[in-house]
Amino acid sequence: MTDATQAGSMVPAKSIISVDDRTKKRHAAEKRFQAYGIAAIATGVFFLIFLLGSILFNGVTAFQQTFIQVPIYLNPMTLDPEGNRDPAEMAKVSTFGYAPILENSMASMIEAQGIETDVEPDGLDALFSSSAAAQLRNRVLSNPDLLGQTIDFNILATSRVDGYFKGRVSRESIARDRSIDAEHLDIVDALREEGSVVKRFNLAFITGSDASESRPEQAGMGVAMMGSLYMMLVVLGLSLPIGVFASIYLEEFAPKNRLTDIIEVNISNLAAVPSIVFGILGLAVFIQFMEFPQSAPLVGGLVLTLMTLPTIIIATRAALQSVPPSIRDAALGVGASKMQSVFHHVLPLAMPGILTGTIIGLAQALGETAPLLLIGMVGYVATNYPDGIASGFMDPNSAMPAQIYEWAKRADPAYYERAWGGIIILLVFLFAMNAIAILLRRKFERRW
């Protein structure tokens, strides 16, 4: 064979690092898939930021409230005609007796500051809350020694005045408002320049109770938070032991037969049942059949327990299944019983997953509204804190999500603002519960 023959018969070898058309298409498909994933994540983050921004933008203002600082002379001849400083005798002066004192004191302050207005003293009640007279009365009855003194009293402004300073109410929007007009806004503008109208942190929104539709400026979440607390105690006290023990039995001790298969399928199906169905079940069983008090946190807790149990059982079984079988075999190999191998070895290793699933189930129950609607906790306006532990479980009350729902459907825009503020409080509780779940998981996590 000659050199020419050899040179003519040689075929150029394909390089192993060269990229052909098929490889280019595959790389392009991978890049497109990565771009789709990044776009999906960016879309989710955008909507999450938009949601949180909307909640904060609409709800932060609920944590501030407008007050009018008025010097009030407490005339003992009017408030304590007998002169005995006895709260029982002073209580005979009703709230209606304190309203003129507020009106006349505000009129005197306006005159002293040189504010010109055509509004009569009895028309100044449009500036302060209808609950202001009751608050002043309660303060005097709690401290009768205030009689005869001039005190600086912070009057809670009405929702219209508060909305005016927050930008929710304008002079154009009150043109057809029967409760307030432009002259009242002129007064509050002048009072603000004099420093008599202030906007400050509204602690009563967190610690207070719900109010009637005519007093949105007084409404708070405190009593509803207590209702949610008592409900969560019921859910935790029942769903955790029942769910964990049921999961241990099904996963470790129950025979694998058709009956257990049916039970497992039904547990999975119950986890997907709409929550309002559990509310109907609670209405029929706990209220109509067992005659438990309507709107009680105990009933709400029992309904939420039924709803939470499938979630806890599924999460607990998944945690038990994550423990390697070698742990069980080793325990049985050294002479441990089945019970000892489960409770001394398997259960401690599965504890992080069990606690995480339980807390997530509780967080889900904390935000449920539909089941509470059926048992009456939405329509009930709770105005007082429970007197004790028993009354906390049995007396009618509301819950945070139910309170938010109730505020959102009311007509006054001030309640719409408070609904957003209630969502912020609810989210703080949910974030705290999820943070606790993460901490517990890391604390009890063990590696093998």
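Those letters in the sequence shown? Residues 1 to 448, by our numbering. Don't be surprised by glycine CBs; every beta carbon is placed ideally from N, CA and C. These figures come from a predicted structure and were not determined experimentally.
With 16 other Cβ atoms within 10 Å as the buried cut-off, status of His344: Numbered from 1 along the sequence shown, position 344 holds the residue referred to as residue 344. Of the other Cβ atoms in all chains shown, fewer than 16 fall within 10 Å of the Cβ of His344; this residue is therefore exposed.
Under 9 Å between C-beta atoms of Val265 and Ile375: Numbered from its first residue, the sequence shown carries residue 265 at position 265. Numbered from its first residue, the sequence shown carries residue 375 at position 375. Contact annotation: Val265 and Ile375 have beta-carbon atoms that are not nearer than 9 Å.
Determine the DSSP secondary structure at Pro396, reduced to helix, strand or coil. Residue numbering aside, residue 396 sits at position 396 when the sequence shown is read from its first letter. Pro396: coil per DSSP, three-state reduction.
Beta-carbon proximity of Phe201 to Phe63, cut-off 9 Å: Position 201 of the sequence shown holds residue 201. Position 63 of the sequence shown holds residue 63. With contacts defined by Cβ atoms closer than 9 Å, Phe201 and Phe63 form a contacting pair.
Would a C-beta distance cut-off of 9 Å place Ile438 and Thr308 closer than the cut-off? The sequence position of residue 438 within the sequence shown is 438, counting from 1. The sequence position of residue 308 within the sequence shown is 308, counting from 1. One thing to note: Ile438 has its Cβ no nearer than 9 Å to the Cβ of Thr308.
Quick check: what's the CA-CA separation for Ala126 versus Ala419? Reading the sequence shown from its first residue, position 126 is the one you call residue 126. Reading the sequence shown from its first residue, position 419 is the one you call residue 419. Approximately 24 Å, taken between the alpha carbons.
Backbone secondary structure at Thr117 - three-state DSSP: As a first step, residue 117 is located in the sequence shown; it is residue number 117 there, counting from the start. Note: Thr117 maps to coil in three-state DSSP.
If contacts are defined as beta-carbon pairs under 8 Å, then Ile206 and Ile425 qualify, I think. What distance do you get, rounded to the angstrom? Position 206 of the sequence shown holds residue 206. Position 425 of the sequence shown holds residue 425. Right, the Cβ-Cβ distance comes to about 7 Å (below 8 Å), so this counts as a contact.
Nearest-angstrom Cα separation, counted from Ile72 out to Asp152: Counted from its first residue, the sequence shown places residue 152 at position 152. Counted from its first residue, the sequence shown places residue 72 at position 72. The straight-line gap from Cα to Cα measures roughly 6 Å.
If I measure Cβ to Cβ from Gly97 and keep anything under 6 Å in the same chain, skipping five residues before and after, which residues do I get? Residue 97 sits at position 97 when you count from the first residue of the sequence shown. Cβ neighbours of Gly97 within its own chain (closer than 6 Å, five residues either side excluded): none.
Here's a check: name, in chain order, each residue in its chain whose Cβ is nearer than 6 Å to the Cβ of Phe289, leaving out the five neighbours to either side. For the purposes of this step, residue 289 is identified with residue 289 of the sequence shown, where counting begins at 1. The answer is none, since no qualifying residue turns up.
Ala272 in three-state terms, based on DSSP: For the purposes of this step, residue 272 is taken as residue 272 along the sequence shown, with counting starting at 1. Collapsing the DSSP output to three states places Ala272 in coil.
Enumerate in chain order the residues of its own chain whose CB-to-CB distance from Ala133 is below 7 Å, with the five nearest sequence positions on each side excluded. Start at 1 with the first residue of the sequence shown, and residue 133 comes out as number 133. Contacts found: Thr95, Tyr98, Ala99, Leu102.
Just to confirm, is the Cβ distance from Gly282 to Pro396 under 9 Å? Here residue 282 refers to the residue found at position 282 when the sequence shown is read from its first residue. Here residue 396 refers to the residue found at position 396 when the sequence shown is read from its first residue. Contact flag unset, no.
What's the C-alpha gap between Arg442 and Leu349? Numbered from its first residue, the sequence shown carries residue 442 at position 442. Numbered from its first residue, the sequence shown carries residue 349 at position 349. Going by C-alpha positions, Arg442 is about 12 Å away from Leu349.
Neighbourhood of Ser239 by C-beta, 6 Å cutoff - its chain only, sequence neighbours within 5 removed: Counted from its first residue, the sequence shown places residue 239 at position 239. The answer, listed in chain order, is Thr305, Thr308, Leu309, Ile312.
Using a Cβ-Cβ cutoff of less than 6 Å, which residues in the same chain neighbour Val70 once the five nearest sequence positions on both sides are dropped? On the sequence shown, residue 70 is found 70 positions in, with the first residue counted as 1. Non-local C-beta neighbours of Val70 in its own chain, meaning closer than 6 Å and more than five positions away in sequence, comprise Ser105, Met106, Met109, Phe153, Ile155, ordered along the chain.
Looking at the C-beta of Ser159, does it have a partner C-beta in chain C at a distance below 9 Å? The chain labelled as chain C is not found in the depicted structure, where only one protein chain is given.
Pick from Gln149, Asp122, Ser196, Ser295 that is closest to Ile180, judged by C-alpha positions: The residue labelled residue 180 in the question sits at position 180 within the sequence shown. Comparing Cα-Cα distances from Ile180 to each of Gln149, Asp122, Ser196, Ser295, the minimum goes to Asp122.
Buried or exposed: Glu217, going by 16 or more other Cβ atoms within 10 Å of its Cβ? Here the question's residue 217 lines up with position 217 in the sequence shown. It counts as buried.
Can you name the start and end residues of the alpha helix (DSSP H) that Tyr230 belongs to? Position 230 of the sequence shown, counting from 1, holds the residue named residue 230. It spans 222-248 - the alpha helix (DSSP H) in which Tyr230 sits, taken as one unbroken run.
Asn143 lies in the beta strand (DSSP E); which residues open and close that run? Position 143 of the sequence shown, counted from the first residue, corresponds to residue 143. It is not in any beta strand (DSSP E) - Asn143 carries neither H nor E in the DSSP assignment.
Cβ-based neighbour list, Val188, same chain, cut-off 6 Å, excluding 5 preceding and 5 following: Your numbering for residue 188 matches position 188 in the sequence shown. The answer, listed in chain order, is Val161, Val197.
Could you check what DSSP says for Lys199 in three-state terms: helix, strand or coil? Along the sequence shown, read from residue 1 onward, the residue named residue 199 stands at position 199. DSSP places Lys199 in strand when its eight states are reduced to three.
Please classify Arg178: is it buried, with 16 or more other beta-carbons within 10 angstroms of its beta-carbon, or exposed? As a first step, residue 178 must be located in the sequence shown, where it is residue number 178. Under this definition Arg178 is an exposed residue.
The alpha helix (DSSP H) enclosing Phe96, as first and last residue numbers: On the sequence shown, residue 96 is found 96 positions in, with the first residue counted as 1. Element bounds for Phe96: 95-112.
9 Å Cβ cutoff met for Met400 and Gly208: If you number the sequence shown from 1, residue 400 lands on position 400. If you number the sequence shown from 1, residue 208 lands on position 208. A distance of 9 Å or more separates the beta carbons of Met400 and Gly208.
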